[in-house]
Amino acid sequence: MSQWNIASFSKEEQDKVAVDKVAAAVAWQERMSKPVVPELVEREQPEHLREYFRERLRVHRLNSQQLPRANAPEYNKPGDEQQK
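When we follow the UniProt record's numbering, the leftmost residue of the sequence shown carries the number 1, and every step to the right adds one.
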């Protein structure tokens with residue numbers, strides 16, 4: 001199971017995991033119609049990982065196209081129908 005322990009990864013691999021998480025968060029915020037500026041987030045990443053960030057953001061955006069959008073009924077809370 002230690003193969004999945006991020007703490008056992010090299011520093012470079014840990015940094016890539018962190019950048020991938022940020023890219024996933026940006027794609028999620030876009031899908032949920034939350035305010036996010038990907039260019040600003042990209043600039044916050046280490047310079048040598050910015051291309052990796054852009055690549056992972058493209059992947060996460062493609063995957064997001066198969067998931068429900070922010071206004072999808074799956075995200076309605078119980079009781080929301082009564083309030084409308």
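Where is the CB? At the ideal position from N, CA and C, for every residue including glycine.
All values derive from a computational prediction rather than experimental measurement.
Tell me, to the nearest whole angstrom, how far the beta carbon of V41 is from that of V59; I am working on the premise that it is less than 8 Å.
Mapped onto the sequence shown, residue 41 falls at position 41. Mapped onto the sequence shown, residue 59 falls at position 59. In fact, because the Cβ distance is near 15 Å, the residues do not count as touching under 8 Å.
Shortest alpha-carbon distance to V19 belongs to which of L67, S8, Q45 and W4?
As a working note, residue 19 is residue 19 in the sequence shown. Residue Q45 is the option with its Cα nearest to V19.
Might you give, ordered along the chain, the residues of its own chain that have their beta carbon closer than 6 Å to the beta carbon of S64, omitting 5 neighbours on each side?
Walking along the sequence shown from the start, residue 64 turns up at place 64. Closer than 6 Å at Cβ, skipping near neighbours: A27 and R31.
Close Cβ partners of V17 (< 6 Å) along its chain, the five nearest in sequence each way excluded:
Within the sequence shown, residue 17 is the residue found at index 17, counting from 1. Result list for V17: I6, in chain order.
What number of angstroms, rounded off, separates the C-alpha of R50 from the C-alpha of R43?
The residue you call residue 50 lines up with position 50 of the sequence shown. The residue you call residue 43 lines up with position 43 of the sequence shown. R50 and R43: Cα-Cα distance of roughly 7 Å.
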